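Have a look at the structure below, then the notes.
8 protein chains.
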Amino acid sequence: MPEVIFCPGKTTEQVVEIFDSLAQKGNNVLATRSSEEIFKALKNTGKYQNLMFDNLCKAILLKQQDLPLSKSSIPIVTAGTSDLPVATEAKITAEAMHQKTELICDVGVAGLHRLFDKVEQLQSANVVIVVAGMEGALASVIGGLVDCPVIAVPTSVGYGANLGGISALLTMLNSCASGVSVVNIDNGFSAAVSASLINKRAEDAND
Amino acid sequence: MPEVIFCPGKTTEQVVEIFDSLAQKGNNVLATRSSEEIFKALKNTGKYQNLMFDNLCKAILLKQQDLPLSKSSIPIVTAGTSDLPVATEAKITAEAMHQKTELICDVGVAGLHRLFDKVEQLQSANVVIVVAGMEGALASVIGGLVDCPVIAVPTSVGYGANLGGISALLTMLNSCASGVSVVNIDNGFSAAVSASLINKRAEDAND
Amino acid sequence: MPEVIFCPGKTTEQVVEIFDSLAQKGNNVLATRSSEEIFKALKNTGKYQNLMFDNLCKAILLKQQDLPLSKSSIPIVTAGTSDLPVATEAKITAEAMHQKTELICDVGVAGLHRLFDKVEQLQSANVVIVVAGMEGALASVIGGLVDCPVIAVPTSVGYGANLGGISALLTMLNSCASGVSVVNIDNGFSAAVSASLINKRAEDAND
Amino acid sequence: MPEVIFCPGKTTEQVVEIFDSLAQKGNNVLATRSSEEIFKALKNTGKYQNLMFDNLCKAILLKQQDLPLSKSSIPIVTAGTSDLPVATEAKITAEAMHQKTELICDVGVAGLHRLFDKVEQLQSANVVIVVAGMEGALASVIGGLVDCPVIAVPTSVGYGANLGGISALLTMLNSCASGVSVVNIDNGFSAAVSASLINKRAEDAND
Amino acid sequence: MPEVIFCPGKTTEQVVEIFDSLAQKGNNVLATRSSEEIFKALKNTGKYQNLMFDNLCKAILLKQQDLPLSKSSIPIVTAGTSDLPVATEAKITAEAMHQKTELICDVGVAGLHRLFDKVEQLQSANVVIVVAGMEGALASVIGGLVDCPVIAVPTSVGYGANLGGISALLTMLNSCASGVSVVNIDNGFSAAVSASLINKRAEDAND
Amino acid sequence: MPEVIFCPGKTTEQVVEIFDSLAQKGNNVLATRSSEEIFKALKNTGKYQNLMFDNLCKAILLKQQDLPLSKSSIPIVTAGTSDLPVATEAKITAEAMHQKTELICDVGVAGLHRLFDKVEQLQSANVVIVVAGMEGALASVIGGLVDCPVIAVPTSVGYGANLGGISALLTMLNSCASGVSVVNIDNGFSAAVSASLINKRAEDAND
Amino acid sequence: MPEVIFCPGKTTEQVVEIFDSLAQKGNNVLATRSSEEIFKALKNTGKYQNLMFDNLCKAILLKQQDLPLSKSSIPIVTAGTSDLPVATEAKITAEAMHQKTELICDVGVAGLHRLFDKVEQLQSANVVIVVAGMEGALASVIGGLVDCPVIAVPTSVGYGANLGGISALLTMLNSCASGVSVVNIDNGFSAAVSASLINKRAEDAND
Amino acid sequence: MPEVIFCPGKTTEQVVEIFDSLAQKGNNVLATRSSEEIFKALKNTGKYQNLMFDNLCKAILLKQQDLPLSKSSIPIVTAGTSDLPVATEAKITAEAMHQKTELICDVGVAGLHRLFDKVEQLQSANVVIVVAGMEGALASVIGGLVDCPVIAVPTSVGYGANLGGISALLTMLNSCASGVSVVNIDNGFSAAVSASLINKRAEDAND
């Protein structure tokens, strides 16, 4: 497991101090929902070499471990382009946990043919992450196509009766497809942790 | 248009009295969300011959007009067997408006293959009614498959975070497929009125 | 159908890239909830001639098809001036689908006489779009006056117990007038798609 | 003011005891949301002569004062027949406060012509009570037709997105017509108290 | 009645244009929830002399009628200083309707002694407006102290479980004191219209 | 502390078994939200002598400890008679914790004079429990009158916008009086535990 | 995967008919949220030998496959005795999927010592199911103790601000422990499917 | 008790004026949810010497009383660093009431070992304040570890299904540990007042 900092509500000084103390343990360090300001403050300490900042999801990752990636890849599927920031948070988190991932974008249910091109790939996975806003129906559809666990991430993409993501969240919780479990709205991080733990056990077992 | 009575909150006496006065206009009369008790009270008046009662949706229909049914049929699609009462209310309402209908049951998104057998039939319709509870994803999927208007009816089938049908309602309102409009939870009646008006205009026009 | 991009949550670069790939199909392209910045970026590519930007609803429309407009017009009725941005999104969308529209503004239920001047016009339509915020009562009143389908669009105009448009949404979903179906809050786009599909079928049929 | 008991949550014994102690003050006594069981228990005490029970709204009224009714009448307008229990609670309460009332039933907005027959009557009142469930649009329409205060009572008549009356409540609170104020769902009692106080002052003043 | 414009969602140009057309009728014109920018734009037209702008509640009032104020005064009671903007909107609205008002500030229920100094004044009124945020308990307490109608205005003052004023709104709707009716959150305007209509009838009657 | 069983969701057999195992520890045993059936089943075991059942709040108490009651009494104040079941649960719980209590009933804010007779008594307490439904304003008023901590219990007494007690809960959470903390709706038990712990420490300290 | 029927909203005849057609495929058949009436109707067909009915969770299971159970066991942990019906649904579902399970009951966070006795057992699992109502804190605590995925099931055990399980649901979705994903309220079935798929892959891999 | 001003919704001028009038009473004065601008305005009056401003929680404190602090300390426990602003508001409030406090930070339930180091300290307190956002489970865990009253403060730290702190609020209200009572979201002030009143009585008693 990487060390993790959830940045909102913390001052830049507080994040830098916590980051420093966590980094000393030697694990990867991940700061989610960060800002460019915090990234620069960390950079300016001059302490970190492998420090990267993702501008879409505002995550900072310090790689301190050089373990090989998993052999099987975790598909991260999004309904639309607007779901990319959340999918990217999932991708970076999984990488911090040494898991290979594969982004499959823009395959929402209004155009099922795009999804069907990817079915085989999805069916060979140990676990699938589905990221969708608006009505979030993609999780149910994928849940019906695969026989591995699906981790569903509702996003706040949408407006009005979307209620800041509550609509997609409820959709996923009520999924008529079995094998779907759900994390908090926009929580790419948590989805990736669950998926990584699942993928890891399936792989470790295979060794 | 048939004469319509929404029964909840009315005493049997009130319904019978209203029914009598409406029946005298000579149109079909439809009493929704009724009860067997009300049906028997109407029966016992001895006034009505063509009086039928549907036990699934508790609707009473008095047919007084013998107009031919529409040529093209309105598909009424349900996600599951539990959505049948609502679909039946839609069916009876459409019939009271002289529209042919076709029930397509149990084609929820967790098993898309069952839906795909029906695609051609759906694509040839002037309008489609989709009835679904749980997460209500079926409306979006069908919306993406047809190019006619879709009237979506969320049902209260489900439990917990289903919130009495609110989950399916929100799903349908946030549908990423265009051409989907929505009626109240379990409101098979209103969906059928909208769909009948659409189907009628498309047909009338063709004459 | 035009090609459509929902802009929120996408970077300017992403929208431009998607716009380019969609434009190549030769259909009209519509980008909703856009921004002047995106419009300028598209303009600056020098690729598009018939590119227009509506400042009220922030929609970008690229007209690439020169089909004749529908003969019958779709009335788009608003309760107040503040509902105009949503009504305009509906108008532009309908036009992108080759439908004639007619804006009827500021005829909210607090002054029914203004509405009554327009009743004949409404009663001759194949479908009516009603756009209203605050308590959204206009949809029910119009639903009682016409015998064609009504597509109701709740808007977020209002404050307090308006709950960002939820109040008008609930009003419309519970409409005691039949033949009213509803789209998401502020979703002028979706209302126009449904209405255009209805109007088209009624007209095509007449040919 | 009459003495008033709100019965739910109280045992029959508790209501009888409270009723007895209140009756001794000599004012009218009103027990709302009561039951036939409580009525019989009061009857059986043999203490009360002018005791009446209304079966629709479950109110018990003991008339102990013989004051003349107000000269001007308070119109109590309902959207539908199912709103009658609440309208009746309002009627009985107003009578307990010596106010004349006039029930105007079943004039919901889906059939405005029925309402328009009553406009003159409404416009001559000092205050109007509007009782409506479903989407509750009637309050706004009447608010736009009269220039006296309107007391709006949302009812729980409806289902699904009606949310037990919340939909009508929100509609009334967001009314675009001015001069409309609102009481709790199904609270015919409180509407009648407010309206009676208003009517009384307008009349007293005239003496 | 004054002419009224609700400004949010309207451009400055739209407000100025509407204002101009309403002003020509010769009545007072009130623009609520306006802005200094709109006020200046109106000022700059050079058309209006008696134009005032209230900075607390952002209302613009054009006085074109010189009628005498009512003899009896409407008390506008606030729980705290933060409720003043809403109370001021009520005050200006009442004045535009030629009603005398009296602000009684900062008498919230946590310090009842401050309220008790004002009881006599409240008890001599024809109607009382109560403006309160947080838990909004003041309306119930005043409702128990006076025997005239109380118009309660919940405000959005507060945070957290205040839910933007919903807490105070619910409190007032559930008031155990009778004779309390409620308007939308922060809706000082509507409270003043209701109260003015009541006060006017009580006074007119007295003439 | 007594041993406690929360009965809902448990079968009679389960409650009896748990009760038996807890009783063996020698402490008082309290079963809340129980039923007469469970009480009889416990009675029928023949094991318990000091077993009592309160019919109002459905609590079963087995007294096995004979400690003296506290010297100072905890006032349990209710707004209305319908709040008595919750107040009684608090009373029995406090007694199971060896605290003296005093019920002060029916002193809701619509009639403040009844409350004012009790002020001195309230001001001499170490802690006060306030039990109120409807709008729950009593907690704020008492919080403003005493300078000891107030434990507020919202009850589900009411209807409509009361939302099953949510209204009173929000009122109490937003109390403008300081020193008020809140427990779950109808949770007389938890209020009594908090109040007893407070009273105990204040007394122990005095010894 | 077993064949599964969700019974609510279906008539006994419908369930029996669906059961029959599913049973013919030769897999295990599971009917959740059933009733004794349905069980007897199935029994009476005389077709099924290995038919069992669980009275706590109302599930019917027809075992038609005799595969060996998994080697590693899935712990199903409950906060309290009242959560047992949901836990039992999970247990039966997992067994229908050939997974060994282990019920660990009544280890809620108010008494952490009972949980700590089980930590080792939990830490050796491939996946843990946590079933908790009230405030649902147990999922977070266990999530912090193990490094395998946790499937959290909120239950509707509780009252008042529990909101029918919404409280526990939100708790689990907002868990500060990573690796926790959530299913619908009371959905023991779905939790077991997810957990079984995870456990299976981990085991299969080991073979 | 200190004099207290809740600043939101008040202009700088209003706060300064209120502050001045309260300061003349000679008690400590606390202005919560203030701003640096207000602090400077007060500073610039030149009237106050012991005026401090806390930048984390934006509180202004004027110390005018030099009473000794309490002997026993009130632990203020936070789940994470982001909860510090609320904890600091509690700390300053308690100090304004002459109570000693002790901040115990970052001991959330995902890492229980950090909490367990502090158990003894918590168990020796008269009252504990728990400040937690996200899922707010810490209150239940601490409630199970101590036998003194716990005042729980939900914070708005979190996102998505956190609903601005509602999730943590519900968690705490439904706590399965007894002796926990709750204040409004982010209301460090009110928690500190309750806790100070409790601590004071326990101490006073000991003298």
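Residue numbers (this note's numbering), protein chains in the order written: chain Z, -17 to 189; chain H, -17 to 189; chain W, -17 to 189; chain X, -17 to 189; chain C, -17 to 189; chain A, -17 to 189; chain R, -17 to 189; chain E, -17 to 189. The beta carbon of each residue, even a glycine, is placed where N, CA and C say it ideally should be. Nothing here was measured: the structure is a model prediction, and the numbers come from that model.
### Query
Taking C-alpha atoms, which residue in 85/A, 126/A and 37/A lies nearest to residue 21/A?
Counted from its first residue, the sixth sequence places residue 21/A at position 39. Answer by Cα proximity: 37/A.
#### Entry: Cβ-based contacts, 9 Å cut-off: residues of the stretch 123 to 144 of chain H near chain Z
123, 125, 126, 127, 140, 141, 142, 143 and 144
### Query
Would you call the stretch 109 to 124 of chain W and the stretch 33 to 51 of chain W in contact, with 3 or more CB pairs under 8 Å?
no
### Query
According to the Cβ coordinates, are residue 121/W and residue 79/W closer than 8 Å?
On the third sequence, position 139 is the one that residue 121/W refers to. On the third sequence, position 97 is the one that residue 79/W refers to. Going by C-beta atoms, residue 121/W is not nearer than 8 Å to residue 79/W.
### Cutoff 7 Å; reference residue 65/A; Cβ partners in own chain excluding five residues on either side
Your numbering for residue 65/A matches position 83 in the sixth sequence. Only 113, 114, 115, 137 and 139 meet the Cβ criterion.
#### Entry: Distance between residue 170/X and residue 125/X (C-alpha atoms, nearest Å)
For this step, residue 125/X is matched to residue 143 along the fourth sequence. For this step, residue 170/X is matched to residue 188 along the fourth sequence. The straight-line gap from Cα to Cα measures roughly 18 Å.
### Near-chain C residues of the stretch 86 to 117 of chain A (beta-carbon distance less than 8 Å), N- to C-terminal order
90, 91, 92, 93, 94, 116 and 117
### Query
How many Å lie between residue -6/C and residue 88/W at the Cα?
In the fifth sequence, residue -6/C corresponds to position 12, counting from 1. In the third sequence, residue 88/W corresponds to position 106, counting from 1. If I take the Cα positions, the gap works out to 17 Å.
### Query
Can you pull the DSSP bridge partners for residue 7/A?
Numbered from its first residue, the sixth sequence carries residue 7/A at position 25. According to DSSP, which records beta bridges pairwise, residue 7/A is partnered with nothing at all.
### Nearest neighbour of residue 57/E, chosen from 85/E, 75/E and 68/E [CA to CA]
For the purposes of this step, residue 57/E is taken as residue 75 along the eighth sequence, with counting starting at 1. The shortest Cα separation from residue 57/E among 85/E, 75/E and 68/E belongs to 85/E.
### Task
Under the assumption that residue 179/A contacts residue 130/E (Cβ atoms under 8 Å), give the Cβ distance between them as a whole number of angstroms.
Indexing the sixth sequence from 1 puts residue 179/A at position 197. Indexing the eighth sequence from 1 puts residue 130/E at position 148. Indeed, because the Cβ distance is near 6 Å, the residues count as touching under 8 Å.
### Message
At a CB distance below 7 Å, what residues from the stretch 160 to 174 of chain E approach chain R? Give them in sequence order.
### Response
none
### Message
Buried or exposed for residue 6/A, going by 16 or more other Cβ atoms inside 10 Å?
### Response
In the sixth sequence, residue 6/A corresponds to position 24, counting from 1. That one is exposed.
### DSSP three-state assignment for residue 51/Z, whether helix, strand or coil
Here the question's residue 51/Z lines up with position 69 in the first sequence. Looking at residue 51/Z - three-state DSSP - the assignment turns out to be coil, as it is neither helix nor strand.
### Query
Mind pulling the chain X residues with CB within less than 8 Å of residue 61/W?
If you number the third sequence from 1, residue 61/W lands on position 79. Ordered by position in chain X, the residues that pass the 8 Å Cβ test against residue 61/W are 158.
### Task
Specify the secondary structure class of residue 84/C as computed by DSSP and reduced to three states.
Counting from one through the fifth sequence, the residue named residue 84/C turns up at place 102. Strand, per DSSP.
### Alpha-carbon spacing of residue 91/W relative to residue 165/H, whole angstroms
What you label residue 91/W is simply residue 109 of the third sequence in a count that begins at 1. What you label residue 165/H is simply residue 183 of the second sequence in a count that begins at 1. Each residue's alpha carbon lies about 22 Å from the other.
### Task
Please go through the same chain and pick out, in chain order, the residues whose beta-carbon is closer than 8 Å to the beta-carbon of residue -8/W, but skip the five residues on each side of it.
Residue numbering aside, residue -8/W sits at position 10 when the third sequence is read from its first letter. For residue -8/W, where only same-chain residues beyond five positions count, the Cβ hits under 8 Å are 0.
### Query
Helix, strand or coil: how does DSSP classify residue 102/R here?
As a first step, residue 102/R is located in the seventh sequence; it is residue number 120 there, counting from the start. The answer is helix: DSSP assigns residue 102/R an H, G or I state.
### Task
Check whether the Cβ atoms of residue 181/X and residue 54/X lie closer than 8 Å to each other.
Here residue 181/X corresponds to residue number 199 of the fourth sequence, with the count starting at 1. Here residue 54/X corresponds to residue number 72 of the fourth sequence, with the count starting at 1. Yes, Cβ-Cβ distance for residue 181/X and residue 54/X is below 8 Å.
### Query
If you check the beta carbons only, do residue 4/Z and residue 19/Z fall under 8 Å apart?
One-based indexing of the first sequence puts residue 4/Z at position 22. One-based indexing of the first sequence puts residue 19/Z at position 37. Not in contact: residue 4/Z and residue 19/Z (Cβ atoms no closer than 8 Å).
### Query
Can you check whether the CB of residue 118/W is closer than 8 Å to the CB of residue 147/C?
Taking the fifth sequence and counting its residues from 1, one reaches residue 147/C at position 165. Taking the third sequence and counting its residues from 1, one reaches residue 118/W at position 136. Not in contact: residue 147/C and residue 118/W (Cβ atoms no closer than 8 Å).
### Query
Grouping DSSP H, G and I as helix and E and B as strand, with all else coil, what is residue 145/R?
If you number the seventh sequence from 1, residue 145/R lands on position 163. Here residue 145/R sits in helix by DSSP.
### Task
Classify residue 154/X as helix, strand or coil using the three-state DSSP reduction.
Translated into the one-based positions of the fourth sequence, residue 154/X becomes position 172. In the structure shown, residue 154/X sits in a helix (DSSP, three-state: H, G or I).
### Query
Between residue 184/A and residue 183/E, which are expected to be in contact by the criterion C-beta below 8 Å, what is the C-beta distance as a whole number of angstroms?
Position 202 of the sixth sequence, counted from the start, is the residue given in the question as residue 184/A. Position 201 of the eighth sequence, counted from the start, is the residue given in the question as residue 183/E. Yes, residue 184/A and residue 183/E are in contact; Cβ-Cβ is about 4 Å, under 8 Å.
### Task
Spatial neighbours of residue 47/R within its chain, please: CB distance less than 7 Å, with the 5 preceding and 5 following residues excluded, ordered by chain position.
What you label residue 47/R is simply residue 65 of the seventh sequence in a count that begins at 1. Same-chain partners within the cutoff: 9 and 10.
### Query
In chain W, which residues lie with their C-beta within 8 Å of the C-beta of residue 249/Z?
With chain Z running from -17 to 189 in the structure shown, residue 249/Z is simply not present.
### Query
Quick one: Cα of residue 95/E to Cα of residue 69/E, how far?
Taking the eighth sequence and counting its residues from 1, one reaches residue 95/E at position 113. Taking the eighth sequence and counting its residues from 1, one reaches residue 69/E at position 87. Whole-angstrom Cα-Cα distance: 21 Å.
### Query
Of all the residues that make up the stretch 42 to 55 of chain Z, which are near chain H by a beta-carbon distance shorter than 7 Å?
none
#### Entry: Nearest-angstrom Cβ-Cβ length linking residue 174/E and residue 107/E, presumed shorter than 8 Å
Taking the eighth sequence and counting its residues from 1, one reaches residue 174/E at position 192. Taking the eighth sequence and counting its residues from 1, one reaches residue 107/E at position 125. At roughly 14 Å, the Cβ-Cβ gap does not stay under 8 Å, so residue 174/E and residue 107/E are not in contact.
### Query
By Cβ distance, which residues of its chain are closer than 6 Å to residue 13/X, with the 5 residues on each side in sequence left out?
The residue you call residue 13/X lines up with position 31 of the fourth sequence. Same-chain partners within the cutoff: -13, -11 and 42.
### Message
Rounding to the nearest angstrom, what Cα-Cα distance links residue -3/W and residue 100/H in this structure?
### Response
Stepping through the third sequence from its first residue, residue -3/W is reached at position 15. Stepping through the second sequence from its first residue, residue 100/H is reached at position 118. In a straight line, the C-alpha of residue -3/W is about 35 Å away from that of residue 100/H.
### Query
Any idea if residue 81/Z is buried or exposed, counting beta-carbon neighbours within 10 angstroms, 16 or more meaning buried?
Reading the first sequence from its first residue, position 99 is the one you call residue 81/Z. Its Cβ being crowded by 16 or more others within 10 Å, residue 81/Z is buried.
### Task
May I ask whether a heavy atom of the ligand ATP can be found less than 7 Å away from the beta carbon of residue 119/C?
With respect to the ligand ATP, the structure shown offers nothing to examine, as it has no ligands at all.
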